[in-house]
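What follows is one structure encoded as structure tokens, with my remarks underneath.
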Ligand code: BES
Ligand code: MN
Ligand code: ZN
């Protein structure tokens, strides 16, 4: 899927008429005595003789987040319909957050499916948030439907914010569009079913993206993995007829102030293997490559936005299936770099493929390592479906968690308690892949990964088991299926490192 065609416009009646937009989108704020019009709604208000808020109250609107009301303008202005979308409550200074604008824009875009051209004024409040919310809210994945249904809104004119220069706004529009496009790259990969997206086909799609964006690309197939000793990736992947891969995709600008390694879990389907999962909900494991999709999309974005950073994505890809060639509980794997791991549960496969990739990433001496994965059901138990668990080096972990919340993707810092390391002791190998109990399962997985992070390397682990895939109904700018989390967080962390080191 691609984003709608997006263009900046002056926020006036004549500019609106010229666009021939069918619908004019305005924001409403939940006030104490009914809805209030958000900044930028002047043209719509004029169409109702300055009584738009009153009319909205009459039809029962309150300005609650994501509330949608459509009103006919009866020819008073260029657009035949005003769509008022709720932003929710403003803060004490009357301001709404970027995330409120993003969600309202997404809800409006969803409600406008089937419309060709719309004009939004939410961009007058926050241009970047309106672009992201509109493009992501409009996203649908119809690749596998014979009848695609209502087409997403095709063209969106965005009212320019009152402050700032046209040049600044153009740059913001361009960057925000690139960010949304990258989130969509991730969503498309996640939403592609596992019969079509397997290690080799993921590698092909990554290669195409790398070529289109001038990135370094390298793929190790099963023979190369064997030769080089990637025992974790091979152990997990050998049970499937679709053999594993390890990708390295690099963006290297002429001047780079820092080098960032990205690692993303790429289990194209996780049945659990011999330690097989229950049937109910197993289809959800089509999304077990969300980390891989996220880091691939992020390195593409780094190139599009020309960050002054070297960014290298390492992507281990495998399918976890039970078969006569599968690895088994009781096996000992010899991992890349030489450590040995006793497999007590073949369903704790993510940490095994990640360990190999983390060691390989560490060999290149990056300044930072950002790893993300749909790693544990325990993440969902602890933090739910919308808050990623963020672990790693204390300071960097807190920095990334703060940025994750600022982007609206959400995340919370979690500890890596040292005592859990002893619980990973193995009877015969250097460590086991699971502890003997369920307690702190998200943290135990993080402690396992820490064993493979190069000495002294600043790193973060983002567990997105819940947030990566929306099994519920659509909300804000998030439809069903792949969400593209944590692409916007990684993008914002890269921008922060570029600015502040
Ligand atoms: N891919 C799963 C984790 C997962 C669960 C992701 C739910 C998204 C939603 C992972 O490979 C897994 O199976 N983890 C096990 C670990 C356990 C065996 C220690 C789990 O969480 O049950
Ligand atoms: Mn698993
Ligand atoms: Zn998994």
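In the working numbering, the protein residues as written are 8 to 508. The beta-carbon is built from N, C-alpha and C at its ideal position, and this holds for glycine as well. Predicted model only: the values in this text are computed from it and were never measured.
Extent of the continuous beta strand (DSSP E) run through residue 88: Counted from its first residue, the chain shown places residue 88 at position 81. That run of the beta strand (DSSP E) goes 88-95.
Buried versus exposed call for residue 202 [16 or more other C-beta atoms within 10 Å across all chains shown]: In the chain shown, counting from the first residue as 1, residue 202 sits at position 195. Residue 202 should be labelled exposed.
For the beta strand (DSSP E) that contains residue 321, what are its first and last residues? Position 314 of the chain shown holds residue 321. Taken as a continuous stretch (DSSP letters only), the beta strand (DSSP E) holding residue 321 covers 316-327.
Within 7 Å: the Cβ of residue 18 and any heavy atom of ligand 1? Residue mapping note: residue 18 aligns to position 11 of the chain shown, counting from 1. Because no heavy atom of ligand 1 lies under 7 Å away, the Cβ of residue 18 does not count as near it: no.
Using the C-alpha atoms, what's the distance from residue 150 back to residue 83? Residue numbering aside, residue 83 sits at position 76 when the chain shown is read from its first letter. Residue numbering aside, residue 150 sits at position 143 when the chain shown is read from its first letter. Taking the straight line joining both Cα atoms gives about 40 Å.
Whole angstroms is fine: what's the gap from residue 250's alpha carbon to residue 42's? Numbered from 1 along the chain shown, position 243 holds the residue referred to as residue 250. Numbered from 1 along the chain shown, position 35 holds the residue referred to as residue 42. About 57 Å.
Evaluate the contact criterion for the segment 316-336 versus the segment 412-425: three or more CB pairs, one atom per stretch, below 8 Å. Too few Cβ pairs lie closer than 8 Å, so no.
Alpha carbon to alpha carbon, what distance is there between residue 259 and residue 221? In the chain shown, residue 221 corresponds to position 214, counting from 1. In the chain shown, residue 259 corresponds to position 252, counting from 1. Rounded to the nearest angstrom, the two C-alpha atoms are 9 Å apart.
Rounded distance between the beta-carbons of residue 8 and residue 148, thought under 8 Å: For the purposes of this step, residue 148 is taken as the residue at position 141 of the chain shown. For the purposes of this step, residue 8 is taken as the residue at position 1 of the chain shown. With a Cβ gap of about 6 Å, residue 148 and residue 8 count as contacting.
Exposure of residue 332, with buried meaning 16 or more beta-carbon neighbours within 10 Å: Along the chain shown, one-based indexing puts residue 332 at 325. Exposed.
Can you list, in chain order, every residue whose CB sits closer than 5 Å to a heavy atom of ligand 1? Selection around ligand 1 by beta-carbon proximity, strictly under 5 Å to any non-hydrogen atom, yields 277, 295, 352, 354, 355, 357, 381, 383, 384, 441, 472 in chain order.
Is the closest heavy atom of ligand 3 to the C-beta of residue 197 under 7 Å? By 1-based counting over the chain shown, the position of residue 197 is 190. When distances are taken from the beta-carbon of residue 197 to the heavy atoms of ligand 3, even the shortest one reaches 7 Å or more.
Compute every distance between the C-beta of residue 492 and the non-hydrogen atoms of ligand 4, then say whether any falls below 7 Å. Ligand 4 is not part of the structure shown, which contains ligand 1, ligand 2 and ligand 3 as its ligands.
At a cut-off of 7 Å, is residue 279 close to ligand 2 when judged by its beta-carbon and the heavy atoms of the ligand? The residue labelled residue 279 in the question sits at position 272 within the chain shown. Yes, since a heavy atom of ligand 2 falls inside the 7 Å radius drawn around the Cβ of residue 279.
Any heavy atom of ligand 3 inside 7 Å of the beta-carbon of residue 397? Working through the chain shown from its first residue, we reach residue 397 at position 390. No heavy atom of ligand 3 is found nearer than 7 Å to the CB of residue 397.
Between residue 327 and ligand 2, is the CB less than 7 Å from at least one heavy atom? As a position in the chain shown, residue 327 is number 320, starting the count at 1. For ligand 2, at least one heavy atom lies less than 7 Å from the Cβ of residue 327.
Which first and last residues belong to the alpha helix (DSSP H) in which residue 21 is found? In the chain shown, counting from the first residue as 1, residue 21 sits at position 14. Annotation: the continuous alpha helix (DSSP H) that includes residue 21 extends over 20-26.
So, at 6 Å on beta carbons, what are the nonlocal neighbours of residue 161 in its own chain, with the 5 sequence-adjacent residues on each side left out? For this step, residue 161 is matched to residue 154 along the chain shown. Non-local beta-carbon contacts of residue 161 in its own chain, meaning distances under 6 Å to residues more than five positions away in sequence, involve 11, 123 in chain order.
So what does residue 227 bridge to, in DSSP terms? Indexing the chain shown from 1 puts residue 227 at position 220. Residue 227 pairs with 253.
Going by the C-beta, is residue 274 closer than 7 Å to any heavy atom of ligand 3? Your numbering for residue 274 matches position 267 in the chain shown. At least one heavy atom of ligand 3 is nearer than 7 Å to the Cβ of residue 274, so yes.
Check whether the Cβ atoms of residue 245 and residue 128 lie closer than 8 Å to each other. Position 238 of the chain shown, counted from the first residue, corresponds to residue 245. Position 121 of the chain shown, counted from the first residue, corresponds to residue 128. In this structure, residue 245 sits away from residue 128, with a CB-CB distance that is not shorter than 8 Å.
Sequence ranges, beta strand (DSSP E) only - wholly within the segment 334-359, length at least 3: 339-341, 347-349
Please check the pair residue 505 and residue 200, which I expect to be a contact at CB under 8 Å, by giving their CB distance rounded to whole angstroms. As a working note, residue 505 is residue 498 in the chain shown. As a working note, residue 200 is residue 193 in the chain shown. With a contact defined as Cβ atoms closer than 8 Å, residue 505 and residue 200 miss out at about 36 Å.
Reduced DSSP secondary structure (H/G/I, E/B, other) of residue 441: Here residue 441 corresponds to residue number 434 of the chain shown, with the count starting at 1. If DSSP states are grouped into helix, strand and coil, residue 441 belongs with coil.
Which stretch, first to last residue, makes up the alpha helix (DSSP H) that contains residue 176? Start at 1 with the first residue of the chain shown, and residue 176 comes out as number 169. Per DSSP, residue 176 belongs to the alpha helix (DSSP H) from 173-198.
Straight-line CA distance for residue 97 to residue 60? Position 90 of the chain shown, counted from the first residue, corresponds to residue 97. Position 53 of the chain shown, counted from the first residue, corresponds to residue 60. In a straight line, the C-alpha of residue 97 is about 16 Å away from that of residue 60.
C-alpha gap between residue 278 and residue 243, whole angstroms: For the purposes of this step, residue 278 is taken as residue 271 along the chain shown, with counting starting at 1. For the purposes of this step, residue 243 is taken as residue 236 along the chain shown, with counting starting at 1. Residue 278 and residue 243 have their C-alpha atoms roughly 11 Å apart.
If you measure between the beta carbons of residue 311 and residue 185, is that distance less than 8 Å? In the chain shown, the residue the question calls residue 311 occupies position 304. In the chain shown, the residue the question calls residue 185 occupies position 178. Going by C-beta atoms, residue 311 is nearer than 8 Å to residue 185.
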